[in-house]
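Quick notes on the structure that follows.
Number of protein chains: 2
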Amino acid sequence: MGATRRPTIKTVAARAGVGRTTVSRVLNGSTLVSDEARAAVQTAIAELGYVPSSVARSLVTSRTDSIALVIPESESRLGSEPYFSAVIRGVSNGLAGTQIQLLLTLVRDQREMDQLTRFLTARRVDGVLLVSVHRDDPLPGLLEKLGLPTVLAGRRSPAEPLHHVHSDNIGGARDAVRHLIERGRGEIATITGPPDMDVADSRLRGWRKALGEAGREAGGELVAPADFTEEGGRLAMRELLERRPGLDAVFAASDVMAAGALAELRRRGRRVPDDVAVVGFDDSIVARHTDPPLTTVRQPVEEIGRSITDLLLREIGEPGGARRHLLLPTSLVVRDST
Amino acid sequence: MGATRRPTIKTVAARAGVGRTTVSRVLNGSTLVSDEARAAVQTAIAELGYVPSSVARSLVTSRTDSIALVIPESESRLGSEPYFSAVIRGVSNGLAGTQIQLLLTLVRDQREMDQLTRFLTARRVDGVLLVSVHRDDPLPGLLEKLGLPTVLAGRRSPAEPLHHVHSDNIGGARDAVRHLIERGRGEIATITGPPDMDVADSRLRGWRKALGEAGREAGGELVAPADFTEEGGRLAMRELLERRPGLDAVFAASDVMAAGALAELRRRGRRVPDDVAVVGFDDSIVARHTDPPLTTVRQPVEEIGRSITDLLLREIGEPGGARRHLLLPTSLVVRDST
DNA sequence: CAACCTGATGGGAACGCTCCCACCTTCGAG
DNA sequence: CTCGAAGGTGGGAGCGTTCCCATCAGGTTG
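Line by line, the protein sequences give chains D and F.
My numbering puts the first residue of the first sequence at 106, with every later residue one more than the last.
My numbering puts the first residue of the second sequence at 106, with every later residue one more than the last.
The following block contains the structure:
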């Protein structure tokens with residue numbers, strides 16, 4: 106097998122009868138090349154099947170033409186949460202048409218975190234997308250220190266200083282609760298996510314806001330914390346039923362938790378929506394298939410993925426601009442659980 | 106901001122009072138370094154916060170320390186199919202503990218395919234994982250020609266020459282149908298996937314096999330093709346009901362299609378499982394939430410992801426070995442739809 | 001005591017590209 | 001007719017590594 110090595114820019118230059126620099130100029134779309142030279146180079150490239158070495162290019166330009174999507178999540182999440190798939194799809198959409206590659210990094214433990222730190226310090230990517238950030242996540246700080254362009258999906262707090270895109274969690278939750286009030290529900294409880302995440306906090310605030318505006322009770326007895334998992338939702342529902350046997354509605358901060366709540370309600374013999382109405386959040390695939398199908402707040406997850414990518418590309422293009430952020434609207438999807 | 110540039114191997118060498126080569130040796134764990142030199146180098150590295158440039162290293166070693174996971178799928182799939190999330194999780198697991206990075210490449214149209222071709226030709230990854238391959242997919246051929254280590258999740262045909270890992274689709278389908286027979290069902294139809302995919306074909310063959318072994322009818326009238334989508338499953342179900350109003354069981358080649366079938370059955374007023382029993386395939390998240398919860402064939406998707414990664418790493422380590430392949434067992438999960 | 005190995009070390013070259021700069025045309029302005 | 005600007009071009013240097021070789025000290029062998 107005379108497996109001749111891959112052609113380099115030199116090979117192309119020789120074949121086209123020009124210098125290396127001219128080939129490079131053609132490759133990078135410089136205008137300072139005569140038409141003949143350009144044609145000769147392009148022919149040579151085609152004939153040789155030449156593909157430039159992005160590694161060599163990276164070494165001198167110190168750009169990598171790749172970005173990382175970091176998903177810092179305990180193992181249990183990515184499986185059950187269709188959220189991440191949708192974000193990935195959106196990111197991939199945002200990248201279509203560019204030459205930029207997507208690196209996926211799941212961070213599950215400290216070792217992987219250390220590895221990621223080294224990786225980012227080595228600047229092996231041009232920018233970073235961060236998903237599902239917790240309030241005290243060390244990563245955003247590190248990225249800021251490194252001066253690596255970063256965009257968050259979601260925010261750590263309402264005062265998030267970094268570029269970010271998030272959906273209107275407060276408004277969406279408020280809509281959900283208003284809907285329950287309109288349906289004539291009296292005692293409206295809520296199942297929340299981890300308190301160190303702004304999504305969870307915002308949805309809780311939306312719940313409170315709607316109840317407050319309607320002059321309803323929004324006390325701590327009606328709030329049960331969970332962790333965005335189905336099992337967590339089930340346990341939270343049980344807790345709520347024990348504390349407030351008379352409740353007739355629940356707003357769960359995610360569809361998956363709502364599914365857990367439905368299971369627990371069924372087990373206890375409560376009918377949905379007759380005895381208890383349930384609303385979820387996300388409009389993920391599970392919402393359409395629960396029994397009964399779930400009324401939920403749709404958030405445009407794929408669009409979030411797309412938007413964080415857009416913002417990141419812009420930030421990589423011209424760094425140091427003003428803080429860019431985006432708030433995307435949610436919408437209520439009414440099904441049979443309310 | 107006196108943002109001094111990143112230290113290089115030269116900086117480290119100077120600080121440690123040794124030559125570049127010695128630093129390189131320490132970095133790569135060579136034994137031909139005195140203890141003192143090694144200590145000096147390690148101190149210098151720590152003090153400078155030095156991180157080697159993987160780009161420079163790649164240029165000379167022509168390894169990239171990254172692999173690509175290619176998901177060649179029309180946009181509609183990745184969202185609804187929790188399959189891919191599980192594979193990704195498995196791959197990420199398989200990569201944990203290595204320094205290898207995961208590149209995710211979604212291929213949706215010809216343009217993205219061309220781009221991927223250039224990318225692979227440029228050898229920007231050390232190996233490729235291919236998921237959801239169709240019979241006439243051009244990618245495996247390209248990869249073989251490039252001599253790029255490749256492992257498939259699934260196979261193109263029973264005679265797949267490339268390294269691959271797949272689950273026992275035939276056996277799983279047969280178990281599902283046997284289960285229906287044991288439950289006393291008489292007319293057992295099936296909803297299949299795209300005919301140009303081996304998964305679909307194998308599951309169909311399992312269905313046929315079980316019926317054949319039991320001396321039952323397995324004619325074409327009982328087979329409705331779909332495309333692994335919910336809507337496709339619904340339409341296939343409708344077709345089956347029109348052709349064979351008397352059928353009392355359906356084996357769908359995926360949970361998502363089974364969910365579509367359930368919807369159609371409900372719309373037509375057929376009770377599940379009383380009038381018609383339904384079995385799915387995958388045991389994805391939707392199976393637990395359908396109404397009624399779905400009896401299905403569990404396949405170890407995450408383990409598939411893990412295994413293809415293991416095989417790929419081994420192939421990258423010592424290329425040109427014998428064809429490596431792996432068949433993973435499935436198991437029947439009985440719920441309320443049968 | 002000469003010849004030889006063996007462990008430890010460092011410098012030069014190479015990987016394939018981009019960028020800087022010097023050069024050579026050609027052409028219009030003064 | 002001379003000069004300078006502007007378009008087009010190519011060679012050298014450098015990016016940060018690894019690898020090949022040459023070197024050198026110290027010990028072992030005959």
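We put the CB at the ideal spot given by N, CA and C, even for glycine.
All values reported here derive from a predicted model rather than from experimental measurement.
Please compile the residues from chain F whose C-beta is within a distance smaller than 9 angstroms of the C-beta of residue i.
{"i": "D:D396", "result": "H394, T395, D396, P397 and P398"}
{"i": "D:A193", "result": "Checking the displayed sequence, the identity of residue 193 of chain D turns out to be Ile instead of Ala. Neighbours of D:I193 on chain F, chain order: L183, F189, S190, I193, L209 and L211."}
{"i": "D:V146", "result": "Result: empty, since nearest Cβ-Cβ is about 17 angstroms, beyond 9 angstroms."}
So, residue i versus residue j, is the Cβ gap smaller than 8 angstroms?
{"i": "D:I296", "j": "D:A354", "result": "no"}
{"i": "F:V196", "j": "F:L174", "result": "yes"}
{"i": "F:D273", "j": "F:L437", "result": "no"}
{"i": "F:F386", "j": "F:R283", "result": "no"}
{"i": "D:T169", "j": "F:V156", "result": "no"}
{"i": "F:V402", "j": "F:D388", "result": "yes"}
{"i": "F:L399", "j": "F:S412", "result": "no"}
{"i": "F:A142", "j": "F:T127", "result": "yes"}
{"i": "D:L164", "j": "D:V117", "result": "no"}
{"i": "F:D242", "j": "F:P177", "result": "yes"}
{"i": "F:V377", "j": "F:P350", "result": "no"}
{"i": "D:L209", "j": "D:L417", "result": "no"}
{"i": "F:E265", "j": "F:L257", "result": "yes"}
{"i": "D:T443", "j": "D:G277", "result": "no"}
{"i": "D:R373", "j": "D:L352", "result": "no"}
{"i": "D:R310", "j": "D:E326", "result": "no"}
{"i": "F:A149", "j": "F:R120", "result": "yes"}
{"i": "D:E407", "j": "D:A144", "result": "no"}
{"i": "D:P187", "j": "D:I390", "result": "yes"}
{"i": "F:M302", "j": "F:E335", "result": "no"}
{"i": "F:S171", "j": "F:Q220", "result": "no"}
{"i": "D:R429", "j": "D:H268", "result": "yes"}
{"i": "F:R393", "j": "F:A366", "result": "no"}
Which residues does DSSP pair with residue i in a beta bridge?
{"i": "D:H271", "result": "D:L432"}
{"i": "D:T203", "result": "D:T203 pairs with nothing; no bridge assigned."}
{"i": "F:L164", "result": "Answer by DSSP bridge pairing: none, since F:L164 is not bridged."}
{"i": "D:P330", "result": "D:T297"}
{"i": "D:D173", "result": "Inspection of the sequence shows that residue 173 of chain D is occupied by Ala rather than by Asp. BP columns for D:A173 point to D:L208 and D:V233."}
{"i": "D:A119", "result": "In DSSP, D:A119 forms no bridge with anything."}
{"i": "F:L221", "result": "The partner list for F:L221 (beta bridge, DSSP) is empty, contrary to what the question assumes."}
{"i": "D:V438", "result": "D:T401"}
Quick one: list the residues of chain D neighbouring residue i, beta-carbon separation under 7 angstroms, in chain order.
{"i": "F:S159", "result": "A227 and R229"}
{"i": "F:A323", "result": "Neighbours of F:A323 on chain D: none; closest Cβ ~30 angstroms, over 7 angstroms."}
{"i": "F:S163", "result": "V160"}
{"i": "F:V156", "result": "R223, T226 and A227"}
{"i": "F:A364", "result": "H394"}
How would you write the range of the alpha helix (DSSP H) that residue i sits in, first residue to last?
{"i": "F:V406", "result": "V406 to G422"}
{"i": "D:L345", "result": "E335 to R348"}
{"i": "F:L137", "result": "Where F:L137 is concerned, there is no enclosing alpha helix (DSSP H), given that its DSSP letter is neither H nor E."}
{"i": "F:G246", "result": "L244 to L251"}
Could you tell me which chain D residues have their CB closer than 8 angstroms to the CB of residue i, listed as they occur along the chain?
{"i": "F:R403", "result": "Result: empty, since nearest Cβ-Cβ is about 13 angstroms, beyond 8 angstroms."}
Report the neighbours of residue i on chain F: residues whose CB is nearer than 7 angstroms to its CB, in chain order.
{"i": "D:A201", "result": "E217"}
{"i": "D:S197", "result": "L211"}
In the DSSP assignment, the beta strand (DSSP E) including residue i goes from what residue to what residue?
{"i": "F:A319", "result": "From DSSP, F:A319 is part of no beta strand (DSSP E); its letter is neither H nor E."}
{"i": "F:L257", "result": "T255 to A258"}
Length at least 3, wholly inside the stretch 352-410 of chain D: the beta strand (DSSP E) runs in chain order: 354-357, 382-387 and 400-403
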